[in-house]
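Residue numbers (UniProt numbering): 1 to 168.
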């Protein structure tokens, strides 16, 4: 049973023996609640889940319900995603290269548009042409249909050559 998946995504087995172990791990990795978007409880729940504990087992350890743990975990994961989006937004504010790819553009034309703009700014893109097309297509989702850009896209390149794609 220890390695079998359960109904709430854990395996039931773990190397964390108790809540104290989760707190010690947070201490070791330098978790500071006042510097993050996570509460200490959210961080503890994420640590325990990442170490394979089931929500029901975490609830037992913390003296609460599985439903409460589900809510705490969901809010924690939402906060982590918001933090990622915030960092990406911040990087985009200072991105020296912004290329607008108009609707109707052939996906195969996008690498030249991006590479030309990056050449002008003396920035090296971290992708070759096929990788860049895949990055744009994957990030744009339904805004790309086959080779056709259906919705105007903004391709931003950071000073270290990382590419971010947004739908304005």
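We put the CB at the ideal spot given by N, CA and C, even for glycine. It should be emphasised that the depicted structure is a prediction, and the values quoted were computed from it without experimental measurement.
**Request:** Report the residue ranges of all alpha helix (DSSP H) runs contained in full by the region 10-80; include only those spanning at least 4 residues, in chain order.
**Result:** Listed in chain order, they are 19-28, 40-50, 55-62.
**Asked** Beta-carbon separation of residue 92 and residue 111 under 9 Å?
**Response** Against the chain shown, residue 92 aligns to sequence position 92. Against the chain shown, residue 111 aligns to sequence position 111. Between residue 92 and residue 111, the CB-CB gap reaches or exceeds 9 Å.
**Item:** Spatial distance of residue 135 from residue 63 (CA atoms)
**Value:** By 1-based counting over the chain shown, the position of residue 135 is 135. By 1-based counting over the chain shown, the position of residue 63 is 63. Straight-line Cα distance between these residues: approximately 45 Å.
**Prompt:** Whose C-alpha, out of 36, 121, 106, is nearest the C-alpha of residue 145?
**Reply:** Here the question's residue 145 lines up with position 145 in the chain shown. Checked all of 36, 121, 106; the closest Cα to residue 145 is 106.
**Message:** Going by beta-carbon coordinates alone, are residue 143 and residue 151 separated by less than 9 Å?
**Reply:** Numbered from its first residue, the chain shown carries residue 143 at position 143. Numbered from its first residue, the chain shown carries residue 151 at position 151. Contact: yes.
**Request:** Measure the alpha-carbon distance for residue 24 versus residue 57 and round it to whole angstroms.
**Result:** In the chain shown, counting from the first residue as 1, residue 24 sits at position 24. In the chain shown, counting from the first residue as 1, residue 57 sits at position 57. Taking the straight line from one Cα to the other gives about 19 Å.
**Item:** Beta-carbon proximity check, residue 188 vs residue 155, cutoff 9 Å
**Value:** Past the boundaries of the shown model lies residue 188; the chain is included only from 1 to 168, so the question cannot be answered.
**Item:** Alpha-carbon spacing of residue 130 relative to residue 41, whole angstroms
**Value:** Counting from 1 along the chain shown, the entry for residue 130 is found at position 130. Counting from 1 along the chain shown, the entry for residue 41 is found at position 41. Those two C-alpha atoms are separated by around 43 Å.
**Request:** For residue 148, count neighbouring Cβ atoms within 10 angstroms of its own Cβ and tell me buried if that reaches 16, exposed if not.
**Result:** Taking the first residue of the chain shown as position 1, residue 148 is located at position 148. With a threshold of 16 other beta carbon atoms within 10 Å, residue 148 falls short and is exposed.
**Asked** Can you give, in chain order, each stretch of the alpha helix (DSSP H) that sits fully within the UniProt domain "DNA binding protein Tfx C-terminal" (83-165) and has at least 4 residues?
**Response** Here the runs fully enclosed are 110-120, 129-140.
**Prompt:** CB-CB under 6 Å to residue 33, same chain, minus the five flanking residues each way: which ones, in chain order?
**Reply:** Start at 1 with the first residue of the chain shown, and residue 33 comes out as number 33. Counting only Cβ-Cβ distances below 6 Å, and skipping sequence neighbours, we find 40.
**Prompt:** Taking the Cβ atom as the reference point for each residue, do residue 53 and residue 76 lie within a distance shorter than 9 Å?
**Reply:** Residue numbering aside, residue 53 sits at position 53 when the chain shown is read from its first letter. Residue numbering aside, residue 76 sits at position 76 when the chain shown is read from its first letter. No; because the gap between Cβ atoms is not below 9 Å, this pair is not in contact.
**Message:** Is it buried or exposed, residue 89, if we count other Cβ atoms within 10 angstroms and call 16 or more buried?
**Reply:** On the chain shown, residue 89 is found 89 positions in, with the first residue counted as 1. By the 16-neighbour rule on beta-carbons within 10 angstroms, residue 89 is exposed.
**Prompt:** Can you check whether the CB of residue 96 is closer than 9 Å to the CB of residue 165?
**Reply:** Against the chain shown, residue 165 aligns to sequence position 165. Against the chain shown, residue 96 aligns to sequence position 96. Between residue 165 and residue 96, the CB-CB gap reaches or exceeds 9 Å.
**Message:** On a Cα-Cα basis, can you pick out the residue from 162, 116, 104, 87 that is closest to residue 127?
**Reply:** As a working mapping, residue 127 is identified with position 127 in the chain shown. For residue 127, the closest C-alpha among the options 162, 116, 104, 87 is that of 162.
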